[in-house]
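In what follows, a single structure is set out as structure tokens and then discussed.
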Amino acid sequence: MIYMDGAPDNKKFLEDLNNGVNKFSDLSDGFSKVVSISHNDADGISCLHLMQNLLYKMNINYDYFIYNRSVSWEDYLKGILSKRSSNKIAFVFTDVGSNLMELIPIIKKREEEFFILDHHEVDSNLHRDEYPENLTFINPTIYGFDGLDHIAGATLSYLFAKKIKPQIIKQGWLTIIGIAGDSLKPMNELKSFNQEVYQELLNENIFEEKEGLILFGGMHDTVKNGLKYSILPFIKGLGGENEIKINSLLDKLQINPNKDFVKLNEIEIQKIQQEVQFNSIGRYALLHQKQGILKFAFEHALLLNILCFKNISAAVSIIQLNKITRYANEIYMDYVSDLAKNLRILSNELPRYETKKAIFIDVKGKIPPSNWSDTASFSTVNELLNPSKILLLGGLERKSQTIKLSIRCTRKYLRETNGIGVNKIISRIKKDLGGTGGGHKLAGGIRLSKASYKRLKENIDEYIQNSI
Ligand SMILES: [Mn+2]
1 MIYMDGAPDN KKFLEDLNNG VNKFSDLSDG FSKVVSISHN DADGISCLHL
51 MQNLLYKMNI NYDYFIYNRS VSWEDYLKGI LSKRSSNKIA FVFTDVGSNL
101 MELIPIIKKR EEEFFILDHH EVDSNLHRDE YPENLTFINP TIYGFDGLDH
151 IAGATLSYLF AKKIKPQIIK QGWLTIIGIA GDSLKPMNEL KSFNQEVYQE
201 LLNENIFEEK EGLILFGGMH DTVKNGLKYS ILPFIKGLGG ENEIKINSLL
251 DKLQINPNKD FVKLNEIEIQ KIQQEVQFNS IGRYALLHQK QGILKFAFEH
301 ALLLNILCFK NISAAVSIIQ LNKITRYANE IYMDYVSDLA KNLRILSNEL
351 PRYETKKAIF IDVKGKIPPS NWSDTASFST VNELLNPSKI LLLGGLERKS
401 QTIKLSIRCT RKYLRETNGI GVNKIISRIK KDLGGTGGGH KLAGGIRLSK
451 ASYKRLKENI DEYIQNSI
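In my numbering, the protein residues as written are 1 to 468.
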């Protein structure tokens, strides 16, 4: 059942969670190995490490894989599932696995136990009774929780793991990274389970919290770089601009451009806010054990998101380090400077194809493919384009000769459509035009053939209209 309106059903979700925990614990003695499959983003990597910590504490052998949605589940699992089915092996999917239309037919044929802990919206309206016996599906969105606002993948994994091994609380900083990476919000704006878990971990002193001016993306840096590289909020007129422009403003305000951003005093913060007309005082999380950029939960999560595209093994390993490597630092700096520049370009000069309900932006050749997803996300989060329209940003991917699109809408859009967002539109498109993809209400992606893309452009308003 899907609860469109009203309060989420807390009790039912917790029942599912408890049943899942009990089943996993009961069966765990019989597992010779647990294979963990997680999503290729900061939240997914955080989930992966939470699960690995749990399995280590339970003395269970484990293996892991990362899923990036570039192939269907069938093709992906073909490479992972062994020829012979075995009930001694369990699979735990975290932050992925709600494509039940694809997964259930596969799981049905297998003897392994499958546990899916996901917060993405489910693409099937099969009743629970129709799930195969060897599938345990825990997903708070089916009880009306919002996968972005209320509960991150890492929050769900944490709740699950902590019920089995309470000591997992010490690894709660992983959850903070997952929350920061998925919520894209100052920490004082968290809700529901995200907020509860955040508060619990803060009370346990698992991380530190500070209040101040929020310039996510550049908070670990100097004042001038903070303003230049901030992507949340993106500051029009300063973001992605050249240093001379930023320095001359700071000179005028009599602020040392090379001062650490977090050392700005109240008067200096006021001066900046008045000058650039933005108000973003809020709370942010700092990780005790880490240094430099890795100390800042948001920037740490962003780094993981970047590395997931550039070098997945670096992403998996850096979350365990306390100090950033030179290699990763270079990648981060290149990335945020490009992203800030892309946001500047996107808000000013890119050609677009606009319909009543949608904006298509072909960014092929203008923005590198690894930046598409985040340019799309941050342009909608910052409302750089018409917030009442769906953004479809992307282009031809040379390797696959398919069109890869990042699809986004704003929270304002969701309020106008009573919560019918991107994932529903993607389901509607897939039904008619094929392709692979999925996502949340606010964000998702799809790959289409060139022919399908052409039809999509012609009929987009209809697809959006009928995406219920
Ligand atoms: Mn997630």
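Beta carbons: idealized from backbone N, C-alpha and C, even for Gly. In this text, all values refer to a predicted model and were calculated from it rather than measured experimentally.
Presumed contact (8 Å Cβ cut-off) between residue i and residue j, rounded CB distance
i, j, result
"PHE65", "ALA90", "Not a contact, Cβ separation roughly 14 Å."
"LEU391", "SER400", "Their Cβ separation, rounded to whole angstroms, is 22 Å, which puts LEU391 and SER400 out of contact at 8 Å."
"LYS356", "ASP432", "At roughly 19 Å, the Cβ-Cβ gap does not stay under 8 Å, so LYS356 and ASP432 are not in contact."
"LEU396", "LYS364", "6 Å"
"LEU50", "THR175", "7 Å"
"ILE324", "GLY292", "6 Å"
"ASN232", "GLY217", "Checking the sequence shown, residue 232 turns out to be Leu, not Asn. Right, the Cβ-Cβ distance comes to about 6 Å (below 8 Å), so this counts as a contact."
"ILE164", "VAL381", "No, ILE164 and VAL381 are not in contact; Cβ-Cβ is about 35 Å, not under 8 Å."
"SER470", "GLU111", "This structure cannot settle anything about residue 470, because the visible part of the chain is limited to 1 through 468."
"ASN99", "ASP75", "That belief does not hold up - the Cβ atoms of ASN99 and ASP75 are roughly 13 Å apart, past 8 Å."
"ILE429", "LEU456", "6 Å"
Heavy atom of ligand 1 within 8 Å of residue i beta-carbon
i, result
"ASP362", "no"
"HIS300", "no"
"GLY435", "no"
"GLY153", "yes"
"ILE144", "For the sequence presented, residue 144 should be read as Gly rather than Ile. Every heavy atom of ligand 1 is 8 Å or more from the Cβ of GLY144, so no."
"ASP95", "yes"
"GLY20", "no"
"HIS39", "yes"
"GLY439", "no"
"HIS119", "yes"
"GLY178", "yes"
"GLY147", "yes"
"ASP374", "no"
"GLY444", "no"
"GLY421", "no"
"GLY395", "no"
"ASP182", "yes"
"LYS43", "Note that residue 43 is Asp in the sequence shown here, rather than Lys. Yes; taking the cut-off as 8 Å, the Cβ of ASP43 has a heavy atom of ligand 1 nearer than that."
Beta-ladder partner(s) of residue i, from DSSP
i, result
"TYR64", "SER36"
"THR222", "ASP260"
"VAL92", "SER36, PHE115"
"ALA285", "GLU209"
"THR436", "ARG447"
"LEU294", "Looking at the DSSP assignment, LEU294 forms no beta bridge with any residue, so it has no partner."
"GLY395", "LYS404"
"PHE216", "LEU232"
"ASP362", "GLY394"
"ILE107", "Partner(s): none; ILE107 has no beta bridge."
"THR136", "PHE115"
"TYR335", "Bridge partners of TYR335: none, in fact."
"TYR353", "PHE360"
CB contact flag (residue i, residue j, <9 Å)
i, j, result
"PRO8", "GLY178", "no"
"ASP182", "ALA152", "yes"
"ASP41", "ASN371", "no"
"TYR158", "ILE142", "no"
"VAL92", "GLY44", "no"
"ILE214", "TYR284", "yes"
"THR402", "LYS450", "yes"
"ASP118", "LYS191", "no"
"THR94", "PHE24", "no"
"ASP149", "ASN87", "no"
"SER230", "GLY239", "yes"
"GLY438", "ARG128", "no"
"LEU307", "ILE345", "no"
Contact with chain B by residue i, beta-carbon distance below 9 Å
i, result
"SER192", "Annotation note: the requested chain B is absent from the structure, which comprises a single protein chain."
- Would the segment 296-310 and the segment 251-259 be scored as touching if the rule is three or more Cβ pairs under 8 Å? no
- Message: Measuring CB atoms only, is the segment 245-257 touching the segment 266-281, in the sense that at least three cross pairs come out at less than 8 Å?
- Response: yes
- Task: May I ask you to verify whether the segment 35-52 touches the segment 60-80, counting CB pairs closer than 8 Å and requiring at least 3?
- Result: Using a C-beta cut-off of 8 Å, the segment 35-52 makes contact with the segment 60-80, since at least three inter-stretch Cβ pairs fall below that distance.
- Could you tell me whether the segment 443-461 touches the segment 422-432, using the rule of 3 or more Cβ pairs below 8 Å? yes
- Contact the segment 413-422 vs the segment 350-361: 3+ CB pairs below 8 Å: no
- Query: Using 8 Å as the threshold, is the segment 183-195 in touch with the segment 52-66, meaning 3 or more CB pairs across them?
  - Reply: no
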